[in-house]
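Listed in order, the protein sequences are those of chains A and B. At position 257 of the first sequence the residue is numbered 257 (my numbering), and the sequence of numbers has no breaks. At position 228 of the second sequence the residue is numbered 228 (my numbering), and the sequence of numbers has no breaks. First up is the structure itself, then whatever we jot down about it.
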Amino acid sequence: MTTAKTKTPATKRKGTTRQGAAPFASYAPGGFFCAMSDEQAETDPVVRRIRSRLLRMSARKLRRRAADAEAELYNLGITFTVYSQERQIDRILPFDIVPRVINREDWRRIETGVTQRVAAMNAFLHDIYHGGKILKDGVVPRDLVVGNANYRPEMKGVDVPHGTYVHICGTDIVRDDEGRFLVLEDNGRCPSGVSYVLENRHLMMRSFPDLMEGIPVRKVENYGHRLRQALLEIAPPRRRTPQIALLSPGVYNSAYFEHVFLAREMGVPLVEGGDLFVDEDRVFMKTTAGPERVDVIYRRIDDDFLDPKAFRRDSKLGVPGLFQAYRKGNVTLANAVGTGVADDKAVYAYMPRIIRYYLDQEPILSNVDTHICREKEGLAYTLDNLDKLVVKPVGEAGGYGVVIGPCASKAELAELRRQLRADPENYISQPMIRLSVAPTLIGDRIEPRHIDLRPFAVTGRRTWVLPGGLTRVALPRGSLVVNSSQGGGSKDTWVLE
Amino acid sequence: MSSLLSRFAENAYWMARYVERAENVARILDVNETFARDSSGTSDWLPVLQLNSDEERFFKRHKRASANEVLHFYVADAANPTSVVSAVRMARENARSIRHIVSTEMWVQLNVFHNRLMRLKRTDYMPGNLSRACDAIKEACQTHAGVVEGTLYRDQALRFAYLGRYLERADQSSRLIDIAYRRVLSRSDDGIGPIDSGEWNSVLRLASGYHAFRRTHPGDTTPQNVAAFLMFDRRFPRSMAACVQGVDFNLKRLHSEFGLRISPPLRAILRELSAHVRRRAASRLFDDADLHGSMDEFQKTLISCDTRLGIDYFGQEAGEG
């Protein structure tokens with residue numbers, strides 16, 4: 001041992017190992033915006049400290065820690081299940097061990113921007129289910145709202161506590177070439193992913209304590225507490241200690257792990273439709289000692305399936321009579337029924353105008369430039385620039401029917417042109433965004449990969465934004481798709497104090 | 001949170017039942033291999049199938065009850081609901097449903113156990129390796145019990161888990177007695193043979209009762225004494241009597257601590273169970289040679305107990321399931 005020591009002092013002092021230089025040393029963002037490499041990062045002492053620590057880590061060390069983290073995810077059963085002929089395969093959401101860092105100023109902008117959007121969405125939802133002033137004023141086209149599949153006429157005249165419809169909101173945000181934060185999408189129905197924010201942090205603290213040491217990262221662990229507080233705030237006023245329940249479609253739902261996680265964090269029962277029943281417009285759960293009243297339901301079931309009496313009759317997930325109990329104010333649902341109209345792709349395009357209309361403020365977070373093809377100029381611009389734009393049908397979800405102009409063939413563009421002319425109201429178009437990247441461990445190298453961010457906002461009386469959010473990363477080289485079904489992974493998100 | 005959803009009570013109950021079942025499948029395979037090895041060289045796995053009433057399902061897919069096929073059927077065949085891997089999967093799925101109630105350690109242990117079973121290769125549980133595989137399964141099941149004891153919050157969920165554990169163990173202990181008894185009967189020409197076969201010692205070992213029995217019955221090893229020990233000795237944790245006591249105790253705790261009602265039919269079942277394990281003279285235990293019938297009756301009472309728990313606490317309709 002002593003001889004070995006004397007033989008290699010030079011290499012040791014340089015901080016390199018026999019496995020070669022640290023992978024981070026050769027990292028380059030490849031022409032994209034990267035918050036770990038831009039000018040601001042160079043001057044930020046905390047970011048510099050994180051970078052210098054990463055620079056001391058060998059590929060072997062990084063790989064080993066990544067393997068440990070993956071084994072832990074697998075053992076903890078933080079998995080989603082893929083079913084195929086008699087076989088069940090448990091997959092983990094890939095976790096990248098290089099954290100994504102957001103500095104204080106950037107976070108401030110995201111936090112206030114998200115809060116502003118939630119306020120506007122709530123005002124908008126209240127308005128369209130009451131007077132519909134914004135429609136009368138012609139700011140948002142009436143048929144876009146009342147003709148929307150997610151508009152619920154049953155909600156007309158229903159008052160919700162504190163005027164809050166969107167209690168839990170997940171806002172998908174990207175950064176462009178200049179590092180500007182742009183909202184890609186609002187998720188005001190049942191946004192998922194927050195459990196990964198907390199579990200990723202937990203994993204990071206266990207597998208990378210030396211990277212986090214002394215870095216002032218804001219805590220995420222009190223999400224369950226804050227959510228519970230918000231749900232208590234919206235409870236019907238009668239009772240002293242409201243009973244909260246989390247309503248899940250059950251173990252076969254891909255987000256079931258998250259439902260478990262949140263029920264546990266809040267200390268509330270995780271119920272399924274069959275555990276609840278409605279008697280005289282009041283909701284009860286079946287316990288070993290008989291029925292027990294329920295006051296607030298954080299439901300992770302879509303509107304359609306909530307109540308076979310009010311919505312889809314074939315729903316086996318819901319609770320017959322739940323909507324009537326809700327409408328009478330005997331139980332509060334979070335999120336409210338009918339929020340889907342506010343996070344719709346077509347309505348999204350109007351979000352900056354909605355913010356100005358209700359709040360008399362300029363949007364803090366911009367939309368991605370969106371051309372509304374139902375509007376004359378929007379259609380003309382779209383048709384003129386078809387090969388440069390991304391065209392999205394408004395009614396579809398999950399990226400279905402999206403045409404990426406620069407990648408499309410002439411025939412595809414011609415077909416799209418025909419469809420746009422025939423049915424312009426069904427489309428919006430946006431420029432291609434050159435998504436920002438973050439350093440990501442790929443094999444033995446650290447390479448740039450495209451990322452997005454989904455912060456979570458919780459609103460009872462007021463809005464609170466969890467300092468962090470889910471950073472998703474597109475793991476295949478060059479890919480812009482961060483969805484877990486298409487090779488996406490996630491990262492721990494560090495918001496600095 | 002003092003109340004417990006009916007479904008969660010049922011999940012806790014089945015989680016524990018399935019773990020106990022997995023352990024007992026391992027015990028039975030182990031005891032049978034011991035007997036098979038003692039015999040003239042032909043290994044006989046048919047009794048295990050008979051014991052579980054699995055012959056029909058088994059012979060639909062296999063020609064004969066070879067060690068190879070029976071062991072696969074009971075250890076790793078995911079399509080067989082009575083296999084170890086199925087039991088552990090069911091335990092895990094039940095635990096998954098109450099994951100927000102069980103401790104993380106409990107969940108992780110079950111999950112890791114399940115994943116380990118999924119990786120078993122055929123050779124890992126064939127004769128020669130079987131004993132090691134069974135030991136590993138038993139150890140994992142006992143680890144589960146220990147983790148439950150050491151980490152699960154002691155409210156209703158724990159009581160229902162214990163109910164599941166004791167009902168299942170009672171059932172399996174009576175089956176273990178049954179298989180041993182029948183093996184001995186079939187081997188000797190004149191009913192119960194002398195103890196020199198050592199087979200009852202094996203039964204004791206496989207029930208983890210060998211040392212306790214030696215301590216309580218020094219120099220007094222008769223088959224009747226062994227059977228009586230496994231049936232009536234309340235101090236032995238796997239005896240039928242101890243299991244019945246466990247069921248009774250936990251139901252009473254559910255009543256006294258959490259105000260759950262014990263219905264008259266359930267009370268009657270408890271009385272019946274107690275009657276089954278009331279100590280009788282060991283010397284006359286095999287007299288009418290109907291130990292099998294008496295085990296059968298006991299198992300039927302356990303089934304009615306399970307049904308009643310379903311009606312009284314798990315929200316099932318009478319006559320359902």
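The beta-carbon is built from N, C-alpha and C at its ideal position, and this holds for glycine as well.
Does the CB of residue i have a neighbour CB from chain B at under 8 Å?
i	result
E292 of chain A	yes
G77 of chain A	yes
L231 of chain A	no
A438 of chain A	no
D275 of chain A	yes
P320 of chain A	no
L270 of chain A	yes
M204 of chain A	no
K316 of chain A	no
Report the residue from the options whose alpha carbon sits nearest the alpha carbon of residue i.
i	options	result
A157 of chain B	A:R300, A:V458, A:T287 and A:K376	A:T287
L29 of chain B	B:R261, B:L130 and B:E149	B:L130
D444 of chain A	A:G30, A:L62 and A:A41	A:L62
E139 of chain B	B:R267, B:A228, B:A22 and B:T151	B:A22
V220 of chain A	A:R104, A:H202, A:C190 and A:L365	A:H202
V368 of chain A	A:Y252, A:L55, A:A325 and A:L182	A:L182
A123 of chain A	A:L359, A:A438 and A:V465	A:L359
E168 of chain B	B:E297, B:N24, B:L204 and B:R92	B:N24
G147 of chain A	A:A342, A:V482, A:E375 and A:P237	A:A342
N495 of chain A	A:L54, A:A245, A:E213 and A:R218	Per the sequence shown, the amino acid found at residue 495 of chain A is Val instead of Asn. Among A:L54, A:A245, A:E213 and A:R218, the Cα nearest to that of V495 of chain A belongs to A:R218.
E105 of chain A	A:P467, A:P153 and A:R418	A:P467
N507 of chain A	A:N426, A:Q243 and A:A289	Lying outside 1 to 497, the shown extent of chain A, residue 507 of chain A is not represented and no answer is given.
E265 of chain A	A:E362, A:G338, A:A336 and A:Y223	A:Y223
K410 of chain A	A:D387, A:T339, A:S192 and A:A41	A:D387
Verify the CB distance criterion: does residue i have a CB-CB separation below 8 Å to chain A?
i	result
G146 of chain B	no
R96 of chain B	yes
F258 of chain B	yes
H62 of chain B	no
H100 of chain B	yes
G293 of chain B	no
A215 of chain B	According to the sequence as given, residue 215 of chain B is Arg; it is not Ala. With 8 Å as the cut-off, R215 of chain B does not count as an interface residue toward chain A.
V88 of chain B	no
G310 of chain B	no
V108 of chain B	yes
Q156 of chain B	yes
Y313 of chain B	yes
N11 of chain B	no
Count the other CB atoms, across all protein chains shown, that sit within 10 Å of the CB of residue i; report buried if there are 16 or more and exposed otherwise.
i	result
F59 of chain B	exposed
G259 of chain B	exposed
L420 of chain A	buried
S3 of chain B	buried
S97 of chain B	buried
T463 of chain A	buried
H255 of chain B	exposed
Q172 of chain B	buried
May I ask which residues mark the beginning and end of the alpha helix (DSSP H) holding residue i?
i	result
F314 of chain B	Where F314 of chain B is concerned, there is no enclosing alpha helix (DSSP H), given that its DSSP letter is neither H nor E.
T143 of chain B	L130 to T151
F257 of chain A	Y256 to M266
S195 of chain A	V194 to S207
V108 of chain B	T104 to M118
K133 of chain A	K133 to K136
V391 of chain A	Per DSSP, V391 of chain A belongs to no alpha helix (DSSP H); it is in the beta strand (DSSP E), L389 to P393.
N68 of chain B	A67 to V75
N94 of chain B	V84 to S97
D384 of chain A	K376 to D384
Determine the extent of the beta strand (DSSP E) in which residue i is found, giving its start and end residues.
i	result
Q243 of chain A	No beta strand (DSSP E) contains Q243 of chain A, which DSSP labels as neither H nor E.
K491 of chain A	G488 to V495
R100 of chain A	F95 to I102
T171 of chain A	I168 to R175
I want to check one thing, is the minimum distance from the CB of residue i to the heavy atoms of the ligand SAM below 7 Å?
i	result
R109 of chain A	This structure does not include the ligand SAM; it has no bound ligands of any sort.
Segments of 4+ residues assigned as alpha helix (DSSP H) that fall wholly inside the region 196-263 of chain B: 199-206, 210-216, 223-232 and 240-258
Ranges of the alpha helix (DSSP H) found wholly within the region 426-485 of chain A, counting only runs of at least 4: none
4 or more residues per run - each alpha helix (DSSP H) lying fully within the region 278-352 of chain A: 303-306, 322-327 and 345-349
Within the region 138-165 of chain A, ranges of the beta strand (DSSP E) (whole runs, at least 3 residues): none
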